[in-house]
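Peer 1:
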Amino acid sequence: MRLTKHIPNFITCCNLLCGCAGIVLCFNGHIAGAGMMIMAAALFDFCDGFAARALHAYSAIGKDLDSLADVVSFGVLPGMIMMQVFIAVNPDYHIGSAIPYPQALLPWVPCLIPVFSALRLAKFNNDPRQTDSFRGLPVPANGLLIAALPFVVQSYLVNAAGGSVSFIQQAVYTLFSTPVLMIIFVLVMCFLLVSELPLFALKFKSYGFSQNKYAYVLIASSAVLLLLYRIEALPLIIILYVLLSAVKHFIPTSDKQ
Numbered sequence: 034m035r036l037t038k039h040i041p042n043f044i045t046c047c048n049l050l051c052g053c054a055g056i057v058l059c060f061n062g063h064i065a066g067a068g069m070m071i072m073a074a075a076l077f078d079f080c081d082g083f084a085a086r087a088l089h090a091y092s093a094i095g096k097d098l099d100s101l102a103d104v105v106s107f108g109v110l111p112g113m114i115m116m117q118v119f120i121a122v123n124p125d126y127h128i129g130s131a132i133p134y135p136q137a138l139l140p141w142v143p144c145l146i147p148v149f150s151a152l153r154l155a156k157f158n159n160d161p162r163q164t165d166s167f168r169g170l171p172v173p174a175n176g177l178l179i180a181a182l183p184f185v186v187q188s189y190l191v192n193a194a195g196g197s198v199s200f201i202q203q204a205v206y207t208l209f210s211t212p213v214l215m216i217i218f219v220l221v222m223c224f225l226l227v228s229e230l231p232l233f234a235l236k237f238k239s240y241g242f243s244q245n246k247y248a249y250v251l252i253a254s255s256a257v258l259l260l261l262y263r264i265e266a267l268p269l270i271i272i273l274y275v276l277l278s279a280v281k282h283f284i285p286t287s288d289k290q
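If you want it as structure tokens, here you go:
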């Protein structure tokens, strides 16, 4: 019976292993594979929480282990993916290339993502307000957004030759090919991670529509976007999640009054 208490921690370790494997893949040129490791880590991150609730296997060690795994899988790995995609799109900025200072610092800007992800997790672990909702963008959501970017850039490069690229592909490629936009993107994501913006959690105390309308809209919209755009839909889904949370917070509704 006691062994069941270790099941959530085992699943969390699988999350961490995915993060480590993703970093290795990222620095060996398999950037899309690294993105897949973030998605696998997100699945394990969901399962460890589910297992802990189902088995009543909560522990302080499990909580700390989960945060440590998340720093690697949804902090360090996404930052490295951003760095490698930026270098792939802009080969002149390869680490060690003869680019003058301060332009030589540009590939290092994504290293802010692990830093702010760690701050976000430390804040989450010590904030009693974040039991049923979030303050700031959860690190797995930020990681999933970045995980999709290599696939979008890859699709752009394949489709650009035929002159048929989607709006998403063009926007993401422009983001990486324009250093100023890349910097702005990283800074915005870092701000969202540690901001006080309330974001709803997909935790249902009841299943009525009026109490969960924003969650249901997100789920339904996500399903449609995934059907239309597949993996390229992930950035749109995360953006929609932030927008719906902002609407929920700033627009009064009858249940908030």
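With the first letter of the sequence shown counted as 1, position 182 gets the number 215 in the numbering used here; the numbers rise by one all the way through.
Positions of the beta carbon are idealized from the N, C-alpha and C atoms, including for glycine.
Given the structure is predicted, the values throughout are model-derived calculations rather than measurements.
For LYS289, count neighbouring Cβ atoms within 10 angstroms of its own Cβ and tell me buried if that reaches 16, exposed if not.
Peer 2: With a pLDDT of 48 at LYS289, under the threshold of 50, the modelled position of that residue is not reliable, and no figure is offered here.
Peer 1: Tell me, which residues are paired with LEU232 by DSSP?
Peer 2: LEU232 is bridged to PHE167.
Peer 1: May I ask which residues mark the beginning and end of the alpha helix (DSSP H) holding THR45?
Peer 2: Where THR45 is concerned, the enclosing alpha helix (DSSP H) stretches over 40-59.
Peer 1: Does the count of Cβ pairs from the segment 183-190 and the segment 201-219 closer than 8 Å reach three?
Peer 2: Cβ pair count under 8 Å is three or more, so yes.
Peer 1: For the segment 202-270, which segments carrying the beta strand (DSSP E) assignment without a break, of at least 3 residues, lie completely within its bounds, in sequence order?
Peer 2: 231-233, all fully within the segment 202-270.
Peer 1: Report the option in GLY169, ALA137, PRO140 whose CA atom is closest to the CA atom of ALA151.
Peer 2: Taking only the C-alpha atoms, the option nearest ALA151 is GLY169.
Peer 1: If you check the beta carbons only, do LYS38 and LEU101 fall under 8 Å apart?
Peer 2: Result no, Cβ atoms of LYS38 and LEU101 do not sit closer than 8 Å.
Peer 1: For TYR35, count neighbouring C-beta atoms within 10 Å of its own C-beta (all shown protein chains included) and say buried if the count is 16 or more, exposed if not.
Peer 2: A quick correction: the sequence has Arg, not Tyr, at residue 35. Exposed, since its Cβ has fewer than 16 Cβ neighbours within 10 Å.
Peer 1: Less than 8 Å between the CB atoms is what I'm expecting for VAL227 and LYS156, so what's the real figure, rounded?
Peer 2: Right, the Cβ-Cβ distance comes to about 7 Å (below 8 Å), so this counts as a contact.
Peer 1: Looking at the unbroken alpha helix (DSSP H) that takes in PHE187, where does it start and where does it end?
Peer 2: Here residue 187 turns out to be Gln, not Phe, going by the sequence shown. Where GLN187 is concerned, the enclosing alpha helix (DSSP H) stretches over 172-193.
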